[in-house]
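Residue numbers (my numbering): 208 to 695. Backbone N, C-alpha and C define an ideal beta-carbon position, used for all residues, glycine too. Bear in mind the structure is a predicted one, so any value in this text is a computation, not a measurement.
Right, dumping it as structure tokens:
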């Protein structure tokens, strides 16, 4: 843990204070506490003046979310920041405040965190400190770009379709929220300014705030944010004398990896890059984080209050390294030689092969009612096992259905999974209960970092759809690694 922060994937939350959807849920310190206890290391707070404009509240602006006092969030962070990990918590502040309220925030930060607050010795850093250097510290970072709701455009609809291409390998999402999202988008359509109008309005406010920004507030901002020029050649330019942080929405990022993939990898070798979910994910669904990790993106912000396969991937990645919230990026992403720069879209040679066997499962009879899966008979379980990683490695396979058994014995040996980038691969495991007449029932899941798998026969615990470990449900599995040339 002695390398600069930019050398690590960092467990990152998005709108960390929300209890549910992005439009009408409550704001509270409780989701922040849960995220910290789960190992999240980047917490986002949106700061707004209260109605009287004399205090600071946290809420998702221009929505019907109910606010929470900033001080409650700060006190919760202080109490729980290092309960499960000693490594630094980065606090990103989306700031909509006047200079006098910025001064109040500075005072609150200093009085609440005291010596826990990291203050850089200079306005800019030539290299980020390491997680070891920053143990027990709270780091303040300037606000990311605006992430407000706007009416869903045809381009965003197309993005939804594009997003399905690779997920088709995995299967339909367990909780498909697209219908709900579409209904909510229609319900709230026209209630908000279009993105361009909001940027213009906020641009004027930002200019005034910067001109009179409280000096003490400025001093507390340790990680500076680069303001986008909307020119990727400029935005992703690496300064040899200064490190920074850049934020991109998922749509902008998806365009960038097509035209500037190599630039992103080079940029993230020294600088921090954050990707945030598009504004139309109003049900708190998530972006596929693997798309970010392939290019070295450290902060793929996740709606921790959501659930589904994309969040499971995030939870799986950050099981690595003891669940401390920081995972060292593999060497393939840190090679600065232009001739050897990693290209996740290339036809990569296979490095190793993983053979997975799933023997049996048990525990559902203890954790679920007898009628939970079928009212009249025992459940009909099947298991799905696959890989999420670079495109060449991504695949999913399935066992047969074991009829009428609470303790299914599949004894299924999957074919070898060829892995071109095992350093970026996650093993995905799901169990479902087959139902010929309705949607199959969900029986548990887990995601495991392939590079930390221990060969041999293992008991693998499953989690529920929100990522909480089930009390009793386990699978008996076997993992074997073979050389790339193996034909076993």
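Coil, strand or helix - residue i by DSSP
| i | result |
| --- | --- |
| residue 684 | strand |
| residue 522 | helix |
| residue 656 | strand |
| residue 233 | strand |
| residue 554 | coil |
| residue 334 | coil |
| residue 215 | strand |
| residue 263 | strand |
| residue 626 | strand |
| residue 635 | strand |
| residue 500 | helix |
| residue 396 | Residue placement at residue 396 is poorly supported in this model, since its pLDDT is 43, which falls under 50; the coordinates are not used for a value here. |
| residue 482 | strand |
| residue 271 | coil |
| residue 296 | strand |
| residue 692 | coil |
| residue 514 | coil |
| residue 226 | coil |
| residue 345 | strand |
| residue 469 | helix |
| residue 208 | coil |
| residue 530 | helix |
| residue 248 | coil |
| residue 675 | coil |
| residue 617 | strand |
| residue 276 | strand |
| residue 598 | helix |
| residue 475 | helix |
Which listed residue (the options) has its alpha carbon closest to that of residue i
| i | options | result |
| --- | --- | --- |
| residue 481 | 221, 238, 528 | 221 |
| residue 678 | 571, 470, 214, 302 | 571 |
| residue 309 | 243, 234, 425, 227 | 425 |
| residue 488 | 685, 224, 230, 218 | 230 |
| residue 302 | 311, 294, 649 | 311 |
| residue 267 | 228, 295, 243, 291 | 228 |
| residue 609 | 588, 326, 623 | 588 |
| residue 235 | 472, 558, 245, 277 | 277 |
| residue 462 | 438, 479, 447 | 438 |
| residue 681 | 579, 574, 321 | 574 |
| residue 586 | 619, 601, 649 | 649 |
| residue 654 | 644, 671, 641 | 671 |
| residue 300 | 688, 263, 254 | 254 |
| residue 464 | 504, 250, 579, 691 | 504 |
| residue 474 | 460, 486, 444, 458 | 444 |
| residue 629 | 279, 691, 620 | 691 |
| residue 568 | 548, 619, 263, 244 | 619 |
| residue 578 | 563, 613, 547 | 613 |
| residue 423 | 242, 347, 260 | 347 |
| residue 530 | 292, 260, 263 | 292 |
| residue 642 | 584, 349, 233 | 584 |
| residue 290 | 245, 322, 260 | 245 |
Cβ-Cβ distance between residue i and residue j below 8 Å
| i | j | result |
| --- | --- | --- |
| residue 523 | residue 493 | no |
| residue 596 | residue 497 | yes |
| residue 456 | residue 483 | yes |
| residue 627 | residue 590 | no |
| residue 501 | residue 633 | no |
| residue 239 | residue 224 | yes |
| residue 519 | residue 674 | yes |
| residue 252 | residue 212 | no |
| residue 248 | residue 294 | yes |
| residue 345 | residue 296 | yes |
| residue 560 | residue 623 | yes |
| residue 566 | residue 606 | no |
| residue 326 | residue 429 | yes |
| residue 491 | residue 510 | yes |
| residue 517 | residue 542 | no |
| residue 208 | residue 306 | no |
| residue 557 | residue 625 | yes |
| residue 304 | residue 256 | yes |
| residue 427 | residue 548 | no |
| residue 563 | residue 684 | yes |
Any C-beta of chain D under 8 Å from that of residue i
| i | result |
| --- | --- |
| residue 286 | The structure shown contains no chain D; it is built from a single protein chain. |
Given 8 Å, three or more beta-carbon pairs between the region 260-275 and the region 285-294
Touching, no, given that fewer than three Cβ pairs across the two stretches are closer than 8 Å.
Counting Cβ pairs, one atom from each stretch, are 3 or more of them under 8 Å apart for the region 458-471 and the region 541-559?
yes
Segment contact flag, the region 662-677 with the region 530-537, C-beta cutoff 8 Å, min 3 pairs:
no
For the region 431-443 and the region 308-326, state whether three or more C-beta atom pairs, one from each stretch, are separated by less than 8 Å.
No, because fewer than three Cβ pairs between the region 431-443 and the region 308-326 fall closer than 8 Å, the two stretches do not touch.
Contact the region 441-456 vs the region 330-338: 3+ CB pairs below 8 Å:
The answer is yes - the region 330-338 touches the region 441-456, with three or more Cβ pairs under 8 Å.
Residue ranges of each alpha helix (DSSP H) run of no fewer than 4 residues wholly in the region 429-472, ordered along the chain?
439-442
Can you list, in chain order, the stretches of the alpha helix (DSSP H) that have 4 or more residues and sit fully within the region 560-605?
571-574
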